[in-house]
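**Q** One structure coming up, written as structure tokens, with questions to follow.
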Amino acid sequence: MISWIQRNFAKHTKLVFLFLLIVIAIPFIFTIGNTGGRNAGNKELNRPFFGINLDNKEEARRLAIDASLSIELKAGYDALQGSQAQQYALQRVAGLALANELHLPAPTADQVAKYVTTLRKFQNEQGQFDQKRYVAYGDSLKTGSQVTAVDVNRVLRDDTRLEQLSKLVGGPGYVMPNDIKQQMIRADSTWTVQVATLDYGTFNPTISPSEEALKKFHEENSFRYDVPARPRFSYVGFKGSDYLPPGEPTEAETRAFYTANVNSFPVPADPAKKDATTPAVPDTDNADNFQKVRAQVVIAMKNSAAVRLTSKAANDLTLALYERKLTANSPELASFLDSQHLTVLPVAPFAPDFPPPDKAWLGAVTEQILRLNKDRFFSDPVMTNDSYAVLLWNESLPEYKPTFNEVRDRVAADFKDSEKRRLFSVRGKTLQAQLQAAAAKNAAEFATVAAAEKLEVKSYAKFTLRQPPADMPPQAFSLIQRMQAGQVSEMSATAEKGFLVFAQEKKLPDLSPDSPRYLEAQKQLMLFTAGTNENSYLGERVEQELKKTAPTEPR
Numbered sequence: 007m008i009s010w011i012q013r014n015f016a017k018h019t020k021l022v023f024l025f026l027l028i029v030i031a032i033p034f035i036f037t038i039g040n041t042g043g044r045n046a047g048n049k050e051l052n053r054p055f056f057g058i059n060l061d062n063k064e065e066a067r068r069l070a071i072d073a074s075l076s077i078e079l080k081a082g083y084d085a086l087q088g089s090q091a092q093q094y095a096l097q098r099v100a101g102l103a104l105a106n107e108l109h110l111p112a113p114t115a116d117q118v119a120k121y122v123t124t125l126r127k128f129q130n131e132q133g134q135f136d137q138k139r140y141v142a143y144g145d146s147l148k149t150g151s152q153v154t155a156v157d158v159n160r161v162l163r164d165d166t167r168l169e170q171l172s173k174l175v176g177g178p179g180y181v182m183p184n185d186i187k188q189q190m191i192r193a194d195s196t197w198t199v200q201v202a203t204l205d206y207g208t209f210n211p212t213i214s215p216s217e218e219a220l221k222k223f224h225e226e227n228s229f230r231y232d233v234p235a236r237p238r239f240s241y242v243g244f245k246g247s248d249y250l251p252p253g254e255p256t257e258a259e260t261r262a263f264y265t266a267n268v269n270s271f272p273v274p275a276d277p278a279k280k281d282a283t284t285p286a287v288p289d290t291d292n293a294d295n296f297q298k299v300r301a302q303v304v305i306a307m308k309n310s311a312a313v314r315l316t317s318k319a320a321n322d323l324t325l326a327l328y329e330r331k332l333t334a335n336s337p338e339l340a341s342f343l344d345s346q347h348l349t350v351l352p353v354a355p356f357a358p359d360f361p362p363p364d365k366a367w368l369g370a371v372t373e374q375i376l377r378l379n380k381d382r383f384f385s386d387p388v389m390t391n392d393s394y395a396v397l398l399w400n401e402s403l404p405e406y407k408p409t410f411n412e413v414r415d416r417v418a419a420d421f422k423d424s425e426k427r428r429l430f431s432v433r434g435k436t437l438q439a440q441l442q443a444a445a446a447k448n449a450a451e452f453a454t455v456a457a458a459e460k461l462e463v464k465s466y467a468k469f470t471l472r473q474p475p476a477d478m479p480p481q482a483f484s485l486i487q488r489m490q491a492g493q494v495s496e497m498s499a500t501a502e503k504g505f506l507v508f509a510q511e512k513k514l515p516d517l518s519p520d521s522p523r524y525l526e527a528q529k530q531l532m533l534f535t536a537g538t539n540e541n542s543y544l545g546e547r548v549e550q551e552l553k554k555t556a557p558t559e560p561r
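Mapping of the sequence shown onto the numbering used here: residues 7 to 561, in sequence order.
Okay, structure coming up:
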């Protein structure tokens, strides 16, 4: 994905800047056409914004449609959503109002036609205008599309005018020569690097903490082991095995289920055939394997039916508890459950993130557990290891701080994890020093020392950061940007790996002011600077205009 973006960056530079700038725009959140809570008694609400009433549904709808259409035409897809699209819509209106203030003329037909050729919606993969795509889009508007040709023409005229405005508001976008050169050095230098990888999983230092060290760790991190307020509860379980249908499905039912789920039933390997160890993939076109897997189909049908029946039983219980208006821990509740032959199973109190080992499924229903209280004493049905359960509140337990002895095993595990991560970092610093000394001799010595330290080494030759190797770790990509030739980076660690980069070679690009690439980079930076200026100015106008009709803060 990174390479694709970089390959297309030069073709669609201004488009990239447009959406980048909108993302970092002033985060003024509002809702177009939202009339709730303000002047609710008035029949006609009014929230003026550069001549548009944002409280008028029709005007707000047109504003949103025009912005959405503009985004689609420029990017080729719906590149902005939510608050970003709303901010774009408002800046678009602010820009058109400014164009009117500056008396910018409406664009000519030739100007609109020229602008159309720059839109991504009508360009091919090479970034060139494609007449066929343009015609196909026009034809699509005739086939019941919600967007009409009138809408498209209006947006194209407005966006062409806004393009002219951007040249005035954004200015020339002056940049310093040194900024251009630094950008070229970052993007266009040719690198050859070696990436050494240290695996965290196989890094197993000996860690034998003393009791004093564990107690100190517990004191410094006691907040980790605080147990919040939580309910003590029990539950009624519904085992799937108790709800298996007693009878057998008919042949027609079995055949229909198999046909609908044929890929779920691979044909067992034929033990008579040599090396027949892997089940065959069903060949639905050439063979009917129904009889070979019929037993598995019947089992699957029964299990599926059992799941449905247990779910229904659990839901029936919650409905009955609600309709009978039973209360928590009451004799009436116990009597009702007994009459339904339902057994209540106790659960020992536990911290929310640490359910009992034999009931690990409780870890997945923490939200349901924490909702339980005296007034809402039963949960919705929750899934267990073998079907469904309904949780029943017994009492609310206050928060408390466990003693060291209560959580010693967790403290020991946490200490070892923390210490291993610290030692992994120390190991990285040691390796950096070793590998830097080796790299100072030659590139081959770096690889030799890295291999001796059981590091995996991979080389990447003659690439630029504009087009990095597809399989290069992102951590290496980030490290390279801060390096000079001959350096070995500090280790960049993830949860599973540690990466050290040797910048074996760095060749600078041609930085001559008259080189084609220099002129291209200059143009890109000037566009970005001009776009920043325009976006900042229009963003300020949007904010100021919205403040005029913002609700007054109560005193």
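Yeah, the Cβ is synthetic: ideal placement off N, Cα and C, and Gly gets one too.
Bear in mind the structure is a predicted one, so any value in this text is a computation, not a measurement.
State the Cα-Cα distance for the pair PRO352 and PHE239, rounded to the nearest angstrom.
**A** Cα to Cα, PRO352 sits roughly 7 Å from PHE239.
**Q** Which term fits PHE271, buried or exposed, when burial requires 16 or more other beta carbons within 10 angstroms of its beta carbon?
**A** It is buried - the Cβ of PHE271 has at least 16 other Cβ atoms within 10 Å.
**Q** Do you know how far the Cα of PRO557 is from the Cα of LEU525?
**A** Cα to Cα, LEU525 sits roughly 50 Å from PRO557.
**Q** What span of residues does the beta strand (DSSP E) with TYR394 cover, start to end?
**A** Start and end: 393-403.
**Q** Start and end of the beta strand (DSSP E) containing LYS245?
**A** Per DSSP, LYS245 belongs to the beta strand (DSSP E) from 236-245.
**Q** Taking the CB atoms as reference points, tell me whether SER76 and ARG98 lie closer together than 8 Å.
**A** Result yes, Cβ atoms of SER76 and ARG98 sit closer than 8 Å.
**Q** Residue range of the alpha helix (DSSP H) that TYR94 falls in?
**A** Looking at the DSSP string, the run of the alpha helix (DSSP H) that includes TYR94 is 88-107.
**Q** If you follow the alpha helix (DSSP H) that TYR543 is in, where does it begin and where does it stop?
**A** Counting along the chain, the alpha helix (DSSP H) containing TYR543 begins and ends at 522-553.
**Q** Counting C-beta neighbours from all protein chains within 10 Å, is the total for PRO183 16 or more, i.e. buried, or is it exposed?
**A** Classification for PRO183: exposed.
**Q** For the pair the region 203-210 and the region 363-373, tell me if three or more CB-CB distances fall below 8 Å.
**A** In short, these stretches do not touch, since the Cβ pair count stays below three.
**Q** What residue does the beta strand (DSSP E) around ASP477 start on, and which one ends it?
**A** No beta strand (DSSP E) holds ASP477; DSSP gives it neither H nor E.
**Q** By the 10 Å Cβ neighbour count, where 16 or more other Cβ atoms means buried, how is ALA31 classified, buried or exposed?
**A** For ALA31, the pLDDT reaches just 39, beneath the cut-off of 50, and the residue's location in the model is therefore unreliable, leaving the point undetermined.
**Q** For ALA320, which option in ASN267, PHE360, ASP248 has the closest C-alpha, if you only look at C-alpha atoms?
**A** Among ASN267, PHE360, ASP248, the Cα nearest to that of ALA320 is on ASP248.
**Q** Here's the rule I'm using: 16 or more other beta-carbon atoms within 10 Å means buried, otherwise exposed. How should ASP415 be labelled?
**A** With fewer than 16 Cβ atoms within 10 Å of its Cβ, ASP415 is classed as exposed.
**Q** Buried or exposed, going by whether 16 or more other CB atoms sit within 10 Å of the CB of TYR394?
**A** Buried is the call here.
**Q** So if DSSP puts ASP116 in a beta bridge, which residue, or which two residues, is it bridged to?
**A** The partner list for ASP116 (beta bridge, DSSP) is empty, contrary to what the question assumes.
**Q** For the pair the region 213-228 and the region 415-432, tell me if three or more CB-CB distances fall below 8 Å.
**A** A contact exists between the region 213-228 and the region 415-432.
**Q** Do ASP232 and LYS422 have their C-beta atoms closer together than 8 Å?
**A** Their beta carbons are not under 8 Å apart, which means ASP232 does not touch LYS422 by this criterion.
**Q** Express the C-alpha separation of PHE384 and LEU397 in angstroms, rounding to a whole number.
**A** One C-alpha to the other measures close to 5 Å.
**Q** From the DSSP secondary-structure annotation, give me the bridge partner or partners of ASN59.
**A** Note: ASN59 sits in a beta bridge opposite PRO54.
**Q** Which residue from ALA306, ALA457, PRO252, VAL273 puts its Cα closest to that of GLN297?
**A** Nearest of ALA306, ALA457, PRO252, VAL273 to GLN297, Cα basis: VAL273.
**Q** Can you tell me which residues form a DSSP beta bridge with THR196?
**A** DSSP output for THR196 lists LYS513 as bridge partner(s).
**Q** Just checking my contact of LEU485 with VAL455 at CB under 8 Å: how many whole Å lie between their CB atoms?
**A** LEU485 to VAL455, Cβ: 19 Å. No contact.
**Q** List the endpoints of the continuous alpha helix (DSSP H) containing GLN337.
**A** It should be noted that the sequence gives Pro, not Gln, for residue 337. Note, PRO337: alpha helix (DSSP H), 337-345.
**Q** Starting from the C-beta of ASN130, find all residues in its chain whose C-beta is less than 8 Å away, skip the five residues before and the five after it, and write them out in chain order.
**A** The residues are ASP136, ARG139.
**Q** Roughly how many angstroms lie between the CA atoms of ARG330 and ALA366, to the nearest whole one?
**A** Near 32 Å, if we compare the C-alpha coordinates of ALA366 and ARG330.
**Q** On the criterion of 16 or more Cβ atoms from any shown chain inside 10 Å, does HIS347 qualify as buried, or is it exposed?
**A** Exposed, by the Cβ-count rule.
**Q** Span of the beta strand (DSSP E) holding VAL463?
**A** Where VAL463 is concerned, the enclosing beta strand (DSSP E) stretches over 462-469.
**Q** Determine, using beta carbons only, whether LYS80 and LEU110 come nearer to each other than 8 Å.
**A** Contact: no.
**Q** My assumption, with CB atoms under 8 Å, is that PRO237 sits in contact with LEU60. Please give the rounded CB distance.
**A** So it is not a contact: roughly 47 Å between Cβ atoms.
**Q** When the distance is taken between beta carbons, is GLN493 closer than 8 Å to ALA449?
**A** Taking 8 Å as the Cβ cut-off, ALA449 and GLN493 do not qualify as a contacting pair.
**Q** So LEU531 packs on SER195, CB below 8 Å; how close in whole Å?
**A** Incorrect: roughly 17 Å between the Cβ atoms, too far for contact.
**Q** What residues in its chain sit with their C-beta under 8 Å from that of LEU544, if we drop five residues either side in the sequence?
**A** Taken in chain order, the residues that qualify are GLN97, ALA100, GLY101, LEU104, VAL175.
**Q** Let me check understanding here. Comparing Cα to Cα, which of GLN302, LYS529, ASN159 lies closest to PRO121?
**A** According to the sequence displayed, residue 121 carries Tyr and not Pro. Nearest option by C-alpha distance: ASN159.
**Q** Going by other Cβ atoms of all chains shown within 10 Å of its Cβ, with 16 needed for buried, is ASP540 buried or exposed?
**A** It is worth fixing the name first, because residue 540 is Glu in this sequence and not Asp. Under this definition GLU540 is a buried residue.
**Q** Give every residue of the same chain whose Cβ lies closer than 6 Å to the Cβ of SER498, excluding the five residues on either side of it in the sequence, and list them in chain order.
**A** Once the five neighbours on either side are set aside, the close Cβ partners of SER498 are GLN481, LEU485, PHE505.
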